[in-house]
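In our numbering, the protein residues as written are 6 to 305.
Ideal Cβ placement from N, Cα and C applies to all residues, glycine included.
Let me begin by presenting the structure, written as structure tokens, before commenting on it.
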Amino acid sequence: MAVLSIVAPAVGAVWLGTHHEELRAAFQACKRADGEWLLVAVVAACATYFAAAASMKGAVTRKLPFGQLLAIQIAGILPNVLVPAGMGVAALQTRYLLRRGLTMAEAVASTAANATAGAIPHALMLIVLLFAGAVPVPHLAFGGSTRLFVVATVAAALVAACVPKVRRAIVSVARRLVEHRDLLAGAGSTRRAALLWGGSIAIPMLHAATLCAIAAALHAPLGPGKIIVVYLVASALSAVIPSPGGFGGLDAALTALLTGAGVPTATAIAAVLGYRLLTAWLPLAPSAAVCGVLIRTRVI
């Protein structure tokens, strides 16, 4: 798994180093972006932290200050860039819950329930959008590079499934879901259930909305419905091969799927760069500052 985590960043770095013309065209496209749509993208990206805080609040049976939960989500951006698959913010959330007096078992269970509640709506939304006819699959003109990426991802998933440690991890997760099903149901509280599932549904939709707004700012010839499906598919595929901050895996998946759906390569690269800037790179400085404050005040 450690080897897999460096494959995607390495491939991404090689690709960037060998596609100078596409990158230059992408930067030119960024200069012509619509400022109003970029503002919409900024608002949508910021709203993801409020949705994540709401989801976390719903996963915990104790009353916790929403402001602190929001700060935890912002502080989690920094460690998320350093470790794969959102493990950074999960570790930060667990540490925060321990500081608030929860036992290790309670803290881990709440964090696991929060993560699970995030994965389930993501998968369900993807299935509904694809099979309800909102976005006909044949209209997504996937190119050779897209097919190659999908085949490689599926192959990696099959190889990983053959590894005993991976199989044991899947069984362990399934067992925890059964053990902590009460947390996923909001522990008998309608309000907590609404926060948990409402926030979990809002997070991927807001990320997709951010990408949609950036694509609109760049005048990409692709409707919001297809962009939402592209985002959901890309994020699901990138999760198969974890990498720090999703660098490489998510970027390659988004670029390949956008170009396969008919977006010019330069515009697709510009859209992905803009999305990553808003959701990963630009928030690093505020994240570090918030993380420092939380440590000094012993919140975490």
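Backbone secondary structure at residue i - three-state DSSP
i             : result
alanine 285   : helix
histidine 224 : coil
aspartate 256 : helix
serine 194    : coil
threonine 272 : helix
alanine 38    : coil
arginine 67   : coil
arginine 301  : helix
threonine 121 : helix
arginine 104  : helix
alanine 199   : helix
valine 45     : helix
proline 266   : First, the amino acid is wrong: residue 266 is alanine here, not proline. Alanine 266: coil per DSSP, three-state reduction.
valine 88     : coil
alanine 294   : helix
glycine 204   : helix
proline 143   : With a pLDDT of 45 at proline 143, under the threshold of 50, the modelled position of this residue cannot be trusted; read the value that follows with caution. Helix.
glycine 279   : helix
glycine 72    : helix
glycine 81    : coil
Per-residue burial, residue i [other beta carbons within 10 Å of its own, 16 or more giving buried]
i             : result
alanine 290   : exposed
glycine 265   : buried
glutamine 33  : exposed
serine 115    : buried
leucine 87    : exposed
proline 84    : buried
threonine 195 : exposed
glycine 123   : buried
leucine 129   : exposed
alanine 120   : buried
valine 306    : As shown, the chain starts at 6 and ends at 305. That puts residue 306 outside it, with no answer to give.
alanine 306   : Nothing in the structure corresponds to residue 306, since the chain is present only between 6 and 305.
Cutoff 6 angstroms; reference residue i; Cβ partners in own chain excluding five residues on either side
i             : result
glycine 279   : Ile219
alanine 59    : Leu200, Gly204
histidine 127 : Pro209
valine 94     : Gly81, Asn85
proline 288   : Ile82
cysteine 296  : Ala80, Leu83
cysteine 217  : Pro229, Ile232
proline 96    : Checking the displayed sequence, the identity of residue 96 turns out to be alanine instead of proline. Same-chain partners within the cutoff: there are none.
Distance CB(residue i)-CB(residue j) smaller than 7 angstroms
i              : j              : result
valine 235     : leucine 211    : no
leucine 102    : alanine 112    : yes
arginine 82    : serine 240     : A quick correction: the sequence has isoleucine, not arginine, at residue 82. For isoleucine 82 and serine 240, no; Cβs fall outside 7 angstroms.
leucine 200    : lysine 62      : yes
threonine 284  : alanine 49     : no
isoleucine 77  : glutamine 98   : yes
alanine 222    : leucine 43     : yes
serine 243     : leucine 255    : yes
isoleucine 305 : arginine 100   : yes
alanine 258    : isoleucine 233 : no
leucine 131    : leucine 237    : yes
Same chain, Cβ closer than 7 angstroms to residue i, five either side skipped, listed in chain order
i             : result
alanine 225   : Val268, Thr272, Ala276
alanine 56    : Gly204, Ala207, Ile208, Leu211
leucine 299   : Ala76, Ala80, Ile305
threonine 260 : Ala273, Ile274, Val277
threonine 53  : Ile208, Leu211, His212
valine 47     : Leu283
Neighbourhood of residue i by C-beta, 8 angstroms cutoff - its chain only, sequence neighbours within 5 removed
i            : result
arginine 303 : Arg104
Residue i CB to nearest heavy atom of the ligand ADP below 6 angstroms
i             : result
threonine 108 : The ligand ADP is absent from the structure shown, which contains no ligands of any kind.
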